[in-house]
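Student:
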Amino acid sequence: MWSPGGGCRRSLNLHFSPKKGSSGWSWVWGWGASVASGREREAEAAVGGGGRVPCIAMAPVLVVLLLSLCGAQAAMDSCYEPATGRAQRCMPEFCNAAFGRTVLASHVCGSPGPEEFCLQTGVTGVTKSCHLCDAHDSHNASLLNDFHSEEEPTWWQSPSMLHGIQFPNSVNLTLHLGE
């Protein structure tokens, strides 16, 4: 509501409280707008305008506020059982923090020279599929967090212990998260 020479009274009220008779929390909000009379405008002009702005200027603020409130309400509701209002475990959306990050391995199959590694499959591991890895196809650590594809599977391969080699007896994998 805006009139020439007048303005819109700003009145935005937000209150965060439990909603009676239902589950969870709710945002109670109100937006008030009114046009001032001539006498009110004169009195407020004498003290610096009294906080009046054209209502149309407040529209973007209101839109942003409403969108953020909708998201906040949805996020909060997922932490409560709809029927009883009791708290429940919240499950945030999955985010792979390691995807595309640098991973370093202290040891990799095929380094320093070619070696055989075998994949054991089946319940008892009696079925083996053996392959050769070398410096050109070493299944390096960057394959730990690459894009998963059924058509072209990738993985990181540690040095093989197939031939009784016990050194190294540990491998360090370092993931830099950029923090």
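In the UniProt record's numbering, the protein residues as written are 1 to 179. By construction, the Cβ of each residue, glycine as well, lies at the ideal position given by its N, Cα and C atoms. Since the model is a prediction, treat every value here as computed from it, not as a measurement.
(1) Please check the pair Arg101 and Gly178, which I expect to be a contact at CB under 8 Å, by giving their CB distance rounded to whole angstroms.
(2) To the nearest whole angstrom, what separates the beta carbons of Trp156 and His139, a pair I think is in contact under 8 Å?
(3) Does the beta-carbon of Gly113 have 16 or more other beta-carbons within 10 angstroms, so that it is buried, or is it exposed?
(4) Leu173 and Val123 look like a contact to me (Cβ under 8 Å); what is the Cβ gap, rounded to whole Å?
(5) Confirm, please, whether the CB-CB distance from His107 to Pro159 is below 7 Å.
(6) For Cys133, count neighbouring C-beta atoms within 10 Å of its own C-beta (all shown protein chains included) and say buried if the count is 16 or more, exposed if not.
(7) Can the beta-carbon of Cys130 be found less than 7 Å from the beta-carbon of Glu115?
Tutor: The structure says:
(1) Stepping through the sequence shown from its first residue, residue 101 is reached at position 101. Stepping through the sequence shown from its first residue, residue 178 is reached at position 178. The pair is a contact, with the Cβ atoms about 7 Å apart (cut-off 8 Å).
(2) Taking the sequence shown and counting its residues from 1, the one referred to as residue 156 is at position 156. Taking the sequence shown and counting its residues from 1, the one referred to as residue 139 is at position 139. Confirmed, Cβ separation roughly 6 Å.
(3) As a position in the sequence shown, residue 113 is number 113, starting the count at 1. So Gly113 counts as exposed.
(4) Walking along the sequence shown from the start, residue 173 turns up at place 173. Walking along the sequence shown from the start, residue 123 turns up at place 123. Wrong, their Cβ atoms sit about 28 Å apart, outside the cutoff.
(5) Numbered from 1 along the sequence shown, position 159 holds the residue referred to as residue 159. Numbered from 1 along the sequence shown, position 107 holds the residue referred to as residue 107. Yes, the Cβ-Cβ distance between Pro159 and His107 is below 7 Å.
(6) Sequence index remark: in the sequence shown, residue 133 carries index 133 (1-based). Buried, by the Cβ-count rule.
(7) Counting from 1 along the sequence shown, the entry for residue 130 is found at position 130. Counting from 1 along the sequence shown, the entry for residue 115 is found at position 115. No. Outside cutoff.
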